[in-house]
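Have a look at the structure below before the remarks.
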Amino acid sequence: MATITKPTGRSQAVRANLIALPILLVVGLVWIYPFLWTISAAFKTQAGMFTSGASLVPDQLNFDNFVRAWVNAGFSGYFVNTVLYSVASTLVELVKAALCGYVLARYEFPGRTLLYRMIVGTLFIPVASIIVPQFVLIEQLGLLNTRAGVILAMSGGAGALYVLLFVGFFSSVPTDLFEAAKLDGAGFLKTFRLILPLAKPVIAVVVIFQFISSWNEFNIPLVFTLGQPDLQNLAVGMLSFQGEHATDWTGFAAGMTISFLPMLMIFLFFQSYFTRGLAGATKG
Amino acid sequence: MTTTAPAPGREKVTGRDRSPAKREPERVDHSRERVRGLDRVWLLVFLAPFLLLYLGFTIWPLVATIYYSFFDWSGIGPIDHFVGAGNYGSILVDPLFWVSVVNTLIFALLTTAIKLPISLLAAILLTRKWLRGKRFLRTMFFAPLIIPVAMAGLVFTYLLNPSNGALNAILRDLGLVDRGFDVFANRWSALLVLVLVSIWQIFGQYMIYWIAALQNVPEEVYEAAAIDGAGEWKKLTRITLPMIRPVAVIITLLGIVNAMHVFGLVVTLTAGGPGTSTYVVSYFIYQNAFGSVPFAYGYASAAALLFSVIAFVLVSAQGVAVRRAQRLRKEYGV
Numbered sequence: 211m212a213t214i215t216k217p218t219g220r221s222q223a224v225r226a227n228l229i230a231l232p233i234l235l236v237v238g239l240v241w242i243y244p245f246l247w248t249i250s251a252a253f254k255t256q257a258g259m260f261t262s263g264a265s266l267v268p269d270q271l272n273f274d275n276f277v278r279a280w281v282n283a284g285f286s287g288y289f290v291n292t293v294l295y296s297v298a299s300t301l302v303e304l305v306k307a308a309l310c311g312y313v314l315a316r317y318e319f320p321g322r323t324l325l326y327r328m329i330v331g332t333l334f335i336p337v338a339s340i341i342v343p344q345f346v347l348i349e350q351l352g353l354l355n356t357r358a359g360v361i362l363a364m365s366g367g368a369g370a371l372y373v374l375l376f377v378g379f380f381s382s383v384p385t386d387l388f389e390a391a392k393l394d395g396a397g398f399l400k401t402f403r404l405i406l407p408l409a410k411p412v413i414a415v416v417v418i419f420q421f422i423s424s425w426n427e428f429n430i431p432l433v434f435t436l437g438q439p440d441l442q443n444l445a446v447g448m449l450s451f452q453g454e455h456a457t458d459w460t461g462f463a464a465g466m467t468i469s470f471l472p473m474l475m476i477f478l479f480f481q482s483y484f485t486r487g488l489a490g491a492t493k494g
Numbered sequence: 270m271t272t273t274a275p276a277p278g279r280e281k282v283t284g285r286d287r288s289p290a291k292r293e294p295e296r297v298d299h300s301r302e303r304v305r306g307l308d309r310v311w312l313l314v315f316l317a318p319f320l321l322l323y324l325g326f327t328i329w330p331l332v333a334t335i336y337y338s339f340f341d342w343s344g345i346g347p348i349d350h351f352v353g354a355g356n357y358g359s360i361l362v363d364p365l366f367w368v369s370v371v372n373t374l375i376f377a378l379l380t381t382a383i384k385l386p387i388s389l390l391a392a393i394l395l396t397r398k399w400l401r402g403k404r405f406l407r408t409m410f411f412a413p414l415i416i417p418v419a420m421a422g423l424v425f426t427y428l429l430n431p432s433n434g435a436l437n438a439i440l441r442d443l444g445l446v447d448r449g450f451d452v453f454a455n456r457w458s459a460l461l462v463l464v465l466v467s468i469w470q471i472f473g474q475y476m477i478y479w480i481a482a483l484q485n486v487p488e489e490v491y492e493a494a495a496i497d498g499a500g501e502w503k504k505l506t507r508i509t510l511p512m513i514r515p516v517a518v519i520i521t522l523l524g525i526v527n528a529m530h531v532f533g534l535v536v537t538l539t540a541g542g543p544g545t546s547t548y549v550v551s552y553f554i555y556q557n558a559f560g561s562v563p564f565a566y567g568y569a570s571a572a573a574l575l576f577s578v579i580a581f582v583l584v585s586a587q588g589v590a591v592r593r594a595q596r597l598r599k600e601y602g603v
């Protein structure tokens, strides 16, 4: 805490940086060590990996492991599935939450309050506790072990939160704006199309959150693809890879690297959106 | 779970969902229109996607869970073997269920107690104006969040393995141990590893929440305090912390609730072992429902419901305690 006490002047700020930065950097490096280790292991030979211990320097530099993971171990398939699941479920979440949030915020209709309260009430329901009936439902729809079934399950349960975000945003839009739109003769749909672009910060938050969480989703793909390994996403596929090739840790590391690099890219790209959107969204 | 991450998403609501609800009474008259004519059709069209999925994947499953829990059902054939409270009876005396409950609660409390303060500290540091390289540092601490929980678990099983993992290599090099030791061989050390890896993984999410909360404290308040001669420490304890307290309560609640749903880490790090000593409730449910034939959907549903009740009671008890504490503090002016 001493570092944040009184950096008022310029030299004090420099001094505070000199104390805080090295500490933060060291902690940060330890923090991302597992990443660095994984990336370096992706280049190592099996023997090199076994003897290298905590070292981060690979004993060779080639892409054999990547090729093996991508082609032989089916990571290309897992990757395609993961992209598909993430994009599709993000789209579904976004559309349904934006539409429902807009209506809840803008219009009075019978059952509005009840619906709103129910949404708030079911915010904290864990997937694990209702996954059995979801499984039965998907089975009955004939969608078990299909991609559509996984997508439906992934985007069906979540989303109450996103609706609330949109409700919050749309009810903060000044009424004058709607009045103006009406004066211009805009109908229901037209008004929505005019207002929606204003919700960009909320849309960004929903897209990022849902994309990350569906990219990382484990429970649902695991349960809904039990009979169909080629429908698995990266998170689940990784586990079955490990089950089948228990000793191929370098191939595993390469697969890991393949799976987290795109997300890292996305995060770096959208980082400012992320914190700013979140700050905006939590503003009461 | 995590899904759900947990889903990362969960938190935002926190600050948010209160305000519209609070605002409702005064706003209801002016801003919300009644729908007329053709607009009613549009209203239904707009509501339909959410409602359909919500009814199918949240409301119905909730009801069905309650229903299943009174039957002995393996998922095949009709649900006709009514057992009344039988499932509950056997769960209450199932030692594995209680091990799972205890583990889940220990896990939830420990992770929350550790991750919240340190992520707040990091957030405070990483929002200082004078600090250089904020973007880079934030990215570093956020990074673990982008790898699936299950994968994090697999990486750590390797890093921590007794024969050639990094941890043992370092300890050996430092001369602290001479033979590799297996952290997963013992219930308590395995639980501790679960807690630590989970904190490592989820830390960035809470850091971002705190950063968002901190950024919502209006700049003018600090400026006014600075004019009055308040130092940084005073600003922190007298302005920042009190002002983010409402959000903090919700973040804490969410932290606990999310931690109670831990699943992927347990599957990949310990698989409930050694033996069954690190079972958590979601893993218990999964094992009963899908882990081995014959599936015990009814039993799993009853367990899910029972734990939801336990969790609900604990969480709301905590909510009540927090509110009472706050009232007391107000009365005594602390």
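Chains as they are written, first to last, in the numbering used here: chain R, 211 to 494; chain B, 270 to 603. All C-beta atoms, glycine included, are put in the ideal place defined by N, C-alpha and C. Note that this is a predicted model, so its numbers are computed, not measured.
Output the distance between the C-alpha atoms of L505 of chain B and P487 of chain B, rounded to the nearest integer angstrom.
If you draw a straight line from the Cα of L505 of chain B to the Cα of P487 of chain B, it comes to about 13 angstroms.
Taking the DSSP output, what are the residues bridged to R303 of chain B?
Its beta-bridge partners are R:E318.
Interface residues of chain R around W329 of chain B at Cβ under 8 angstroms?
For W329 of chain B, the chain R residues whose C-beta falls within less than 8 angstroms of its own C-beta are P343, L347, listed in chain order.
Taking the DSSP output, what are the residues bridged to F340 of chain B?
Per DSSP, B:F351.
Kindly indicate which three-state DSSP category A270 of chain R falls into: helix, strand or coil?
Ala is not the amino acid found at residue 270 of chain R; the sequence shown has Gln there. In the three-state reduction of the DSSP assignment, Q270 of chain R falls in the coil class.
Kindly list, in the order they appear in chain R, the residues whose Cβ is closer than 7 angstroms to that of V418 of chain B.
In chain order: N426, F428.
Anyone know if the C-beta pair for F532 of chain B and F428 of chain R falls short of 9 angstroms?
Closer than 9 angstroms, so yes.
For S585 of chain B, is the classification buried or exposed, using 16 other Cβ atoms within 10 angstroms of its Cβ as the cut-off for buried?
Looking at its Cβ environment, which holds fewer than 16 other Cβ atoms inside 10 Å, S585 of chain B is exposed.
Within-9 angstroms CB hit, S296 of chain R to chain B:
Not a single C-beta of chain B is nearer than 9 angstroms to the C-beta of S296 of chain R.
With a Cβ-Cβ cutoff of 9 angstroms, do P318 of chain B and V237 of chain R count as a contact?
Their beta carbons are not under 9 angstroms apart, which means P318 of chain B does not touch V237 of chain R by this criterion.
So does the stretch 509-529 of chain B actually touch the stretch 479-493 of chain B, counting three or more Cβ pairs closer than 8 angstroms?
Touching, yes.
Apply the 10 Å Cβ neighbour rule to V549 of chain B and answer buried if 16 or more other Cβ atoms are within range, or exposed otherwise.
Buried, because 16 or more other Cβ atoms sit within 10 Å of the Cβ of V549 of chain B.
CB contact check: R316 of chain R to chain B, cutoff 9 angstroms:
Yes, R316 of chain R lies at the interface with chain B (some Cβ there is under 9 angstroms from its Cβ).
Going along chain B, which residues have a C-beta under 7 angstroms from A226 of chain R?
Simply W399.
Based on Cα-Cα distance, which residue from B:A580, B:F376, B:A571 lies nearest to Y357 of chain B?
Closest by alpha carbon: B:A571.
Cβ-Cβ separation, L460 of chain B to N372 of chain B (assumed contact under 8 angstroms), whole Å:
With a Cβ gap of about 6 angstroms, N372 of chain B and L460 of chain B count as contacting.
Quick test of your reading: A391 of chain B and M512 of chain B, contact by CB under 8 angstroms. State the CB separation rounded to the nearest angstrom.
M512 of chain B and A391 of chain B do not touch by the CB rule: their CB atoms are close to 19 angstroms apart, not below 8 angstroms.
Quick test of the definition: if touching needs 3 or more C-beta pairs under 8 angstroms, does the stretch 261-268 of chain R touch the stretch 435-442 of chain B?
Of all C-beta pairs linking the stretch 261-268 of chain R to the stretch 435-442 of chain B, three or more are shorter than 8 angstroms, placing the two stretches in contact.
Identify the contact partners of Q481 of chain R in chain B, using a Cβ-Cβ distance below 9 angstroms as the criterion.
Near Q481 of chain R (Cβ distances below 9 angstroms), the residues of chain B are R404, R407, T408, F411.
Using a 10 Å radius around the Cβ and a threshold of 16 neighbouring Cβ atoms, would you call V412 of chain R buried or exposed?
Classification of V412 of chain R: buried, given that the 10 Å Cβ count is 16 or more.
Using the Cβ count rule (16 or more neighbours within 10 Å means buried), how would you classify I415 of chain B?
So I415 of chain B counts as buried.
Could you name the residues of chain R that S369 of chain B contacts, counting a contact when the two beta carbons are closer than 8 angstroms?
Close to S369 of chain B, with beta-carbon spacing below 8 angstroms, lies no residue of chain R; the smallest spacing is near 11 angstroms.
Local Cβ density within 10 Å of S365 of chain R, reported as buried at 16 or more and exposed below that
By the neighbour-count rule (16 or more Cβ atoms within 10 Å), S365 of chain R is buried.
Straight-line Cα distance separating L309 of chain R from T306 of chain B
Thr is not the amino acid found at residue 306 of chain B; the sequence shown has Gly there. Their backbone Cα atoms lie some 19 angstroms apart in a straight line.
Starting from the Cα of D308 of chain B, find the closest Cα among R:Y317, R:F388, R:A464 and give me that residue.
Considering only alpha carbons, the answer is R:Y317.
How about R401 of chain B: is its Cβ closer than 8 angstroms to a heavy atom in the ligand MG?
Ligands displayed in this structure: none; no statement on the ligand MG is therefore possible.
Within chain B, the residues that Y312 of chain R reaches when beta carbons sit closer than 8 angstroms
Within chain B, the residues placing a beta-carbon under 8 angstroms from that of Y312 of chain R are F315, ordered along the chain.
Buried versus exposed, by CB contacts within 10 Å (16 or more), Q595 of chain B
For Q595 of chain B, the number of other beta carbons within 10 angstroms of its own is below 16, and it is reported as exposed.
Under a Cβ-count criterion, where at least 16 other Cβ atoms within 10 Å of its own Cβ denotes burial, should V416 of chain R be classed as buried or exposed?
V416 of chain R comes out buried.
Kindly indicate which three-state DSSP category I513 of chain B falls into: helix, strand or coil?
Annotated three-state conformation of I513 of chain B is coil, per DSSP.
Kindly give me the distance between the Cβ atoms of A454 of chain B and P543 of chain B, rounded to whole angstroms, as I take these residues to be in contact under 8 angstroms.
Yes, they are in contact, since the Cβ atoms of A454 of chain B and P543 of chain B sit about 6 angstroms apart, within 8 angstroms.
Evaluate E501 of chain B with the Cβ neighbour count: other Cβ atoms within 10 Å of its Cβ, from every protein chain shown; 16 or more gives buried, anything less gives exposed.
Classification for E501 of chain B: buried.
With a threshold of 9 angstroms between beta carbons, is V360 of chain R in contact with chain B?
Not an interface residue.
Sequence-distant residues of its chain with Cβ nearer than 6 angstroms to I214 of chain R (five each side left out)
Bear in mind that a pLDDT of 49 at I214 of chain R, under 50, signals an unreliable position, so the number given afterwards is only what the model happens to contain. Here the set comprises nothing.
Any C-beta of chain R under 9 angstroms from that of V526 of chain B:
Yes, V526 of chain B counts as interfacial toward chain R.
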